[in-house]
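Working notes, structure below.
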Amino acid sequence: MSKKKIYLFCDAGMSTSIMVNKMQAVANEHGMPLEISAYPVARAAEVVETEKPICILLGPQVRFLLQKTKDKFEPLGIPVGGIDPEIYGMMDGEKALKEALKLIKSQKK
1 MSKKKIYLFC
11 DAGMSTSIMV
21 NKMQAVANEH
31 GMPLEISAYP
41 VARAAEVVET
51 EKPICILLGP
61 QVRFLLQKTK
71 DKFEPLGIPV
81 GGIDPEIYGM
91 MDGEKALKEA
101 LKLIKSQKK
């Protein structure tokens, strides 16, 4: 079974890569077929066009781009959300993954 992709976008990708590792560990623990990756927000259009993720999360550093990102990708059926700054600050991979899964479920309704 192919893995579904969840992408996190941030300013440069440093701290977000830590969050990706924590989220991926939770997904692996629960046997979820997910591939979670982080990219700089400047590459969002290029990466989304070629990779087709099932969800996009923005790090708090680029949260100001949330509406613009939603406007661009939600019409393609890709839910977009921002990671809560508190969850991000605690690097809570489980809560961040739950946020992504809620977004995906809400899109399917």
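First residue of the sequence shown? That's 1 in full-length UniProt numbering, and the numbers climb one at a time after it.
Where a beta carbon is used, it is the ideal one built from N, C-alpha and C, also for glycine.
When DSSP builds the beta bridges, which residues end up paired with residue i?
i	result
residue 35	5
residue 40	10
Considering only their Cβ atoms, is the gap separating residue j from residue i smaller than 8 Å?
i	j	result
residue 57	residue 12	no
residue 79	residue 7	no
residue 93	residue 22	yes
residue 77	residue 103	no
Should residue i be labelled buried (16 or more other beta-carbon atoms within 10 Å of its own) or exposed?
i	result
residue 34	buried
residue 19	buried
residue 85	exposed
residue 75	exposed
residue 89	exposed
residue 96	buried
Using 8 Å for Cβ pairs, my map puts residue i next to residue j. What's the rounded Cβ distance?
i	j	result
residue 48	residue 65	Wrong, their Cβ atoms sit about 13 Å apart, outside the cutoff.
residue 83	residue 60	6 Å
Identify every run of the beta strand (DSSP E) within the region 45-86, keeping only runs that are complete inside it and at least 3 residues long; order them along the chain. 55-58, 80-82
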